[in-house]
Structure formats: C-alpha cells, structure tokens
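Participant: Quick one: the structure is below, and I'll ask about it shortly.
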Amino acid sequence: MEEELRRRKLEEALEVKSLRRIISAYLNYPEAAEEDIRRYERCFRRLPPAHKALLSSQPHKFQKLRWCISQNSYFIFEMLKAFEPPLDMSQDIDISEDRYMENDTDKHLFSGETSLLPRSGSKTDKPHFAFSSEEGGNEIYRSTKPETVSEVSLEKKIESLNGDAGRCSMGSEYKGKAENAGVNGFQSVKNHPPVSCVHDGGGHVSSSPDWLEPSLQYHVPLVDVDKVRCIIRNIVRDWASEGQKEREECYKPILKELERLFPSRSRESPPACLVPGAGLGRLALEISSLGFISQGNEFSYYMMICSSFILNNCQVPDEWTIYPWIHSNCNSLSDDDQLRPVSVPDIHPASAGITEGFSMCGGDFVEVYSDTSQVGVWDAVVTCFFLDTAHNIVEYIEIISIILKSGGVWINLGPLLYHFADTYNQGEEMSIELSLEDVKRVALHYGFKIEKESIIETTYTTNPRSMMQNRYYAAFWTMRKKPATGERK
Ligand SMILES: C[S@@+](CC[C@H](N)C(=O)[O-])C[C@H]1O[C@@H](n2cnc3c(N)ncnc32)[C@H](O)[C@@H]1O
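This is the structure we're talking about:
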C-alpha cells in the first residue's frame, strides 16, 4: 500500500517535471528565435560592404522577423496562461541541481514524440489529464480513463467560453524581446498587443499563474523548442484557411467515408467514433459536427495545451494572428511569403455544431484503450497519420480491433514513416516496422475485412508556398471488424 503510494507520487512528480519541461520549451521560444536572428545578423555583418549594399533590406527584414516572433510569443503566452495544469505544479522535484536538462534526460518519459505520460507499466486510477471540473467546467478535456463514451457533455462545456484576450503578463525574458518588437509598417496587422503587459481598469497588471514563474522554468535543449515550432505548423494544418488544402486531402476523404458508412445518425443515439493521435483536434471536431460522439485521444502535452486553447478559449474566427513560416529562410519565393501572417482559428470551434459527447482524452493510446472498459465500445476508429507512431504497430491494430464493436469500422489514412525507426542514440527503442502488405495481413489476422483501399497524395504541415513540398502517398482504407462467428451482421 505504502509502496503503491510512493510509486504514484514518484510518477506524478515525473509528470510535473515533464510538464514543466514542455512549458519551458514554449517559454524558451522567443529566446531561441532571437538567437537565430542574431546569427543572421552576425553573418550579415561579415559581408563585404558592396554585398551589404546590395542586400540593404536585410536588416529591416530581421526587425520584421523580431516583430513576428513577438506576435507568436504573445499567442504562446496567452495560450499558456489559459492552460490549467491537471497536476499540482507546486509539488517540487529538485530542479536546482539540473537547471539545464540534456537531451536524454527523462528518456523514459520522452521517448520519441514528447509525451508526458509514462508509456508502460504505470497504470494509475487517477486521471493523467483531467482538465475539466465536475460542474460547469468549460473545457473539453478529461481523464485518461473514459468510462463510457457519452458521459461528457461537450456542448455544455464548450458553451461558456471564457477568454482573456488583450491582456498579457509574462516573464522577464519574454518581456525584453517583446519590447524590441515594433517595426514600422509591420504593426498594422490585426493582432493583440505585442508588448509585455497590459493594465486592467484598476491599474493592475494582469498576472500569470505561479507555475509560469520564470524561476521555475528549465533551460531546455533546442530540440524541445523545435517541437514548439512544429506545433505552430500544426496550427496551420488544423486551424487556418491555409491548411484547407491539406484538410481537404486528409480529413475530407475520412469524413466522406464516415458519412457513407453511417448514413442515418440519430440524435438520440449517435454512433461513437474514436480518433487516436488526434493532434490539434480538428478532425475529431469535424467528426463530432457530422453527428458522431467523437473522442480525440492525444498524449503530447505540446498538442494538448494548444488544442485546449483553440477549442475552449478562442471566441471568434481569426482571433489570432501568427507567423508560422518565419523560422526557415530556405525555399522562400519572397520575404513577404516567409513573413506572411496567418489568422487562426478559421472557424469558431464552439459554433461548429458539435454533437454532445465530444471529448479529448489525454494519454497513451495503448495504455488508455487497453483498459477492459473499452472492449467493443466504438462504432468507428479513425487513424490519420497515426499508425506509424507505434512502437509496436501490431499492438495498435490489436487494440483497435478489440475496442471496435462487432461490425465496426476502422478508417485509416497515412504513411508508414515509423517514428521510432532509425532513432539515433536510442538503440534500445522498440520499433516494429512493417510494410503496408504486412500491416494489412496483421489486420486480417485480427478479424478485419478490407472494404475499400486507395492511395492518397498529400502533404503534412507543409508551407503551401514553399519551393520544397514533401509529398506522401498515403494509404487510405476502410476495414470492417468481422462479426464473431454465430453473430448476426
Ligand atoms: C503525425 S501526428 C498526426 C496528428 C493528426 N492526426 C493529424 O493528422 O494532423 C501524430 C499524433 O499522434 C500523437 N501520438 C503519438 N503516439 C501516441 C500515443 N501512443 N497515444 C496517443 N497519441 C499519440 C502525437 O502526439 C501526434 O499528435
């Protein structure tokens, strides 16, 4: 008993530490981006005068980049302020002796894709990610242990959105950067104040939560800040008009297939659909809007913090302006392209006509859905760019088969770019890498019958105006779980 308690406490402490690291990565974003600009400036200064004269607009571009960074930082900071950690962030693990976390610190928690949640052998009854309060909570998120599919009343939760737009207060590091940011001709974009603090009516500075205190943050490796940049690109995929084409290619075929397979979706008893690896939640939301009880599952706090903000806190379309493409000078057709603003979200999530029961469930797919309460619960499982995140894809397929109702459908779209393949320095990382042919063979073994399959050409978080466009030829299929022998179709 005592042993169990100690184990849980340790687990929670590790989660707090991991969450701090992710928050720190977000908070380190402006500093890391500023460092890039300083590098550009150093290189520029080394040019011979004649070359400098030829490129006289470069210093102005660097200033514009600073402005864009301050805007992105502002968005990030407001997002963090809106976040309600599901853990007691005041409990401390000693971070004093390890202020700079090396790459492989917390390896067991940060295997590959950064996850807050231990990947194995650590089931707890306590929710890992319980954002919502019992009564009147306005968030969609809830615990990792979904007892029944329909227990969360999303409409109620998403209805009473609260927002705090226009205010900010931030740590001193960020403040310094933001104050530098004004650039003539670059302030006319519709956006929020780039400067550090806004006073409320009573002359008070709006304060940020204790756990955002700069003194509590880690110095994180750049690879963590890179993840923040990836999230910014993911925001475009899911929540910007610029992402429309990608969504048409990836989400539309799935949505059309769901509509075809479930032509009559009654309000009284809507079909239930699970979206593992839901990313920033757009696909899960679209499925909900079609009349399904939809649950997204996601294990990355990077993603969860951001999707929670967009789903729960954004109050109008185009509320925020971000600059997603500023972090690469490569393959730009023009500086204007690189510096162009993107408005998000393209829709107001709470007005998207969601079906009651929409939820986002934090946690590792394997851990959460191998729970016995999940057996035969789902009418449909939708995996989009998810299957190849597995350490063991066979386990994913097995679980999908188990949690589907008899006769339920599995719709998949994505490549097989196994996330744990070729991971340098992580030789012991488990990674089963099967060909498409073998994946289908495994699926047949677990009782699936292929009803439809094709290849879909698409991109993933690609800058549509870049001179480089990586394209995937993604497998798209619908499989049906065969009814058990003796069972009627
Ligand atoms: C390539 S992204 C795809 C996101 C989204 N489906 C889309 O199409 O934009 C894969 C997502 O799966 C999540 N993920 C990876 N492994 C997971 C796991 N074991 N359990 C839950 N989510 C996981 C990642 O954090 C990431 O958000």
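Residue numbering for the sequence shown follows the UniProt record's numbering, beginning at 1 and increasing consecutively. Every residue, glycine too, gets a C-beta built ideally from N, C-alpha and C.
Report the residue from Gln374, Asp364 and Val409 whose alpha carbon sits nearest the alpha carbon of His391.
Facilitator: Looking up residue 391 in the sequence shown gives position 391. Nearest C-alpha to His391: Asp364.
Participant: Does the Cβ of Ala53 have 16 or more other Cβ atoms within 10 Å, making it buried, or fewer, making it exposed?
Facilitator: In the sequence shown, residue 53 corresponds to position 53, counting from 1. Looking at its Cβ environment, which holds fewer than 16 other Cβ atoms inside 10 Å, Ala53 is exposed.
Participant: Within 8 Å, do at least three Cβ pairs link the stretch 366-377 to the stretch 398-405?
Facilitator: They touch, by the three-pair rule.
Participant: Name the residue from Glu428, Tyr418, Glu398 and Ser431 whose alpha carbon lies nearest to the alpha carbon of Val442.
Facilitator: On the sequence shown, position 442 is the one that residue 442 refers to. Considering only alpha carbons, the answer is Glu398.
Participant: Taking the Cβ atom as the reference point for each residue, do Gln71 and Thr461 lie within a distance shorter than 9 Å?
Facilitator: Numbered from 1 along the sequence shown, position 71 holds the residue referred to as residue 71. Numbered from 1 along the sequence shown, position 461 holds the residue referred to as residue 461. Against a cut-off of 9 Å, the Cβ pair of Thr461 and Gln71 comes out as no contact.
Participant: Excluding five sequence neighbours on each side, which residues of the same chain lie with their C-beta closer than 7 Å to the C-beta of Gln58?
Facilitator: Numbered from 1 along the sequence shown, position 58 holds the residue referred to as residue 58. Correct list, in chain order: Phe44.
Participant: Under the rule that 16 or more other beta-carbon atoms within 10 Å means buried, what is Lys17, buried or exposed?
Facilitator: Taking the first residue of the sequence shown as position 1, residue 17 is located at position 17. Buried: at least 16 other Cβ atoms inside 10 Å.
Participant: Only counting the same chain, and skipping five residues up and downstream in sequence, which positions put a Cβ closer than 8 Å to that of Asn329?
Facilitator: Here residue 329 refers to the residue found at position 329 of the sequence shown. Within the same chain, Asn329 has close Cβ partners Tyr40 and Gln338.
Participant: Could you give the C-beta distance for Glu276 and Phe386, rounded to a whole number, given that I count them as a contact under 8 Å?
Facilitator: Mapped onto the sequence shown, residue 276 falls at position 276. Mapped onto the sequence shown, residue 386 falls at position 386. Checking the sequence shown, residue 276 turns out to be Pro, not Glu. Correct: roughly 6 Å between the Cβ atoms.
Participant: Determine whether the beta carbon atoms of Ala474 and Cys230 lie at a separation below 9 Å.
Facilitator: The count along the sequence shown starts at 1 and reaches residue 474 at position 474. The count along the sequence shown starts at 1 and reaches residue 230 at position 230. No; because the gap between Cβ atoms is not below 9 Å, this pair is not in contact.
Participant: Strictly by DSSP, which residues pair up with Gln295?
Facilitator: In the sequence shown, counting from the first residue as 1, residue 295 sits at position 295. Bridge partners of Gln295: Leu274 and Ser359.
Participant: Give me the residue from Lys227, Lys256 and Gly362 with the minimum Cα distance to Ile411.
Facilitator: Within the sequence shown, the letter at position 411 stands for residue 411. Closest by alpha carbon: Lys256.
Participant: Let me know if Ser294 comes out buried or exposed under the rule of 16 or more other beta-carbons within 10 Å of its beta-carbon.
Facilitator: Along the sequence shown, one-based indexing puts residue 294 at 294. So Ser294 ends up on the buried side.
Participant: Is Pro276 close to ligand 1? I mean its beta-carbon at under 8 Å from any heavy atom of the ligand.
Facilitator: For the purposes of this step, residue 276 is taken as the residue at position 276 of the sequence shown. Yes - ligand 1 has a heavy atom lying nearer than 8 Å to the Cβ of Pro276.
Participant: What's the C-alpha gap between Thr485 and Tyr446?
Facilitator: On the sequence shown, position 485 is the one that residue 485 refers to. On the sequence shown, position 446 is the one that residue 446 refers to. If you take the alpha carbons of Thr485 and Tyr446, they lie about 14 Å apart.
Participant: With a cut-off of 8 Å on the beta carbons, I'd call Lys81 and Ser208 a contact; round off their distance for me.
Facilitator: Translated into the one-based positions of the sequence shown, residue 81 becomes position 81. Translated into the one-based positions of the sequence shown, residue 208 becomes position 208. Indeed, because the Cβ distance is near 5 Å, the residues count as touching under 8 Å.
Participant: Taking the alpha carbon of Glu437 as the point to measure from, which residue in Glu429, Ala421 and Leu416 has its own alpha carbon closest?
Facilitator: Start at 1 with the first residue of the sequence shown, and residue 437 comes out as number 437. For the residues Glu429, Ala421 and Leu416, the minimum Cα distance to Glu437 belongs to Leu416.
Participant: Tell me whether Arg21, by its Cβ, gets closer than 8 Å to a heavy atom of ligand 3.
Facilitator: With respect to ligand 3, the structure offers nothing, as its ligand set consists of ligand 1.
Participant: For a test of your reading of the model: does the CB of Gly392 fall under 8 Å from any non-hydrogen atom of ligand 1? Yes or no.
Facilitator: Along the sequence shown, one-based indexing puts residue 392 at 392. Here residue 392 is Asn; the residue named in the question, Gly, does not match the sequence. No.
Participant: Report the option in Arg21, Tyr74, Ser300 and Arg247 whose CA atom is closest to the CA atom of Leu413.
Facilitator: Reading the sequence shown from its first residue, position 413 is the one you call residue 413. The candidate whose alpha carbon is nearest that of Leu413 is Arg247.
Participant: Quick one: Cα of Glu11 to Cα of Ser264, how far?
Facilitator: Position 11 of the sequence shown, counted from the start, is the residue given in the question as residue 11. Position 264 of the sequence shown, counted from the start, is the residue given in the question as residue 264. When rounded, the distance between both Cα atoms is 45 Å.
Participant: Using CA atoms only, rank isn't needed, just tell me which of Tyr29, Asn331 and Asn312 is closest to His219.
Facilitator: Working through the sequence shown from its first residue, we reach residue 219 at position 219. The residue with the shortest Cα to Cα distance from His219 is Tyr29.
Participant: Does DSSP put Glu457 in a helix, in a strand, or in coil?
Facilitator: The residue given as residue 457 occupies position 457 in the sequence shown. The answer is strand: DSSP assigns Glu457 an E or B state.
Participant: Within this structure, are the beta carbons of Ser289 and Gly353 separated by less than 9 Å?
Facilitator: Numbered from its first residue, the sequence shown carries residue 289 at position 289. Numbered from its first residue, the sequence shown carries residue 353 at position 353. For Ser289 and Gly353, yes; Cβs fall inside 9 Å.
Participant: Kindly list the residues whose CB is nearer than 7 Å to the CB of Lys61, restricted to its own chain and excluding five residues on each side of it in sequence; keep chain order.
Facilitator: By 1-based counting over the sequence shown, the position of residue 61 is 61. The residues are Asp335.
Participant: Tell me whether Lys64 is buried or exposed, calling it buried when 16 or more other Cβ atoms sit within 10 Å of its Cβ.
Facilitator: The count along the sequence shown starts at 1 and reaches residue 64 at position 64. So Lys64 ends up on the buried side.
Participant: Rounded to whole angstroms, how far is the Cβ of Cys306 from the Cβ of Met79, which I believe are closer than 8 Å?
Facilitator: Your numbering for residue 306 matches position 306 in the sequence shown. Your numbering for residue 79 matches position 79 in the sequence shown. Yes, they are in contact, since the Cβ atoms of Cys306 and Met79 sit about 6 Å apart, within 8 Å.
Participant: Give me, in chain order, the residues of the same chain whose beta-carbon lies closer than 7 Å to that of Arg6; leave out the 5 immediate sequence neighbours on both sides.
Facilitator: Residue mapping note: residue 6 aligns to position 6 of the sequence shown, counting from 1. Correct list: empty, nothing qualifies.
Participant: Please report how far the alpha carbon of Phe75 lies from the alpha carbon of Glu298, in whole angstroms.
Facilitator: Here residue 75 is taken as the residue at index 75 of the sequence shown, counted from 1. Here residue 298 is taken as the residue at index 298 of the sequence shown, counted from 1. Rounded to the nearest angstrom, the two C-alpha atoms are 22 Å apart.
Participant: CA-CA distance, Arg267 and Ile287?
Facilitator: Looking up residue 267 in the sequence shown gives position 267. Looking up residue 287 in the sequence shown gives position 287. The straight-line gap from Cα to Cα measures roughly 14 Å.
Participant: Sorted by chain position, which residues of the same chain lie with C-beta nearer than 8 Å to Asp318's C-beta, five sequence neighbours on each side aside?
Facilitator: Here residue 318 is taken as the residue at index 318 of the sequence shown, counted from 1. Correct list, in chain order: Lys190, Ser343, Val344, Pro345 and Asp346.
Participant: Give the secondary structure of Glu319 by DSSP, where H, G and I count as helix, E and B as strand, and everything else as coil.
Facilitator: Along the sequence shown, one-based indexing puts residue 319 at 319. Correct three-state label for Glu319: coil.
Participant: Nearest by alpha-carbon distance to Asn312: which of Met360, Arg340, Val368 and Arg46 is it?
Facilitator: Here the question's residue 312 lines up with position 312 in the sequence shown. Comparing Cα positions, the closest option is Met360.
Participant: Helix, strand or coil for Asp36, going by three-state DSSP, please let me know.
Facilitator: Within the sequence shown, residue 36 is the residue found at index 36, counting from 1. Looking at Asp36 - three-state DSSP - the assignment turns out to be helix.
Participant: With distance defined between alpha-carbon atoms, name the residue in Arg465, Ile22 and Ser24 nearest to Pro324.
Facilitator: What you label residue 324 is simply residue 324 of the sequence shown in a count that begins at 1. When each option's Cα is compared against that of Pro324, the closest is Arg465.
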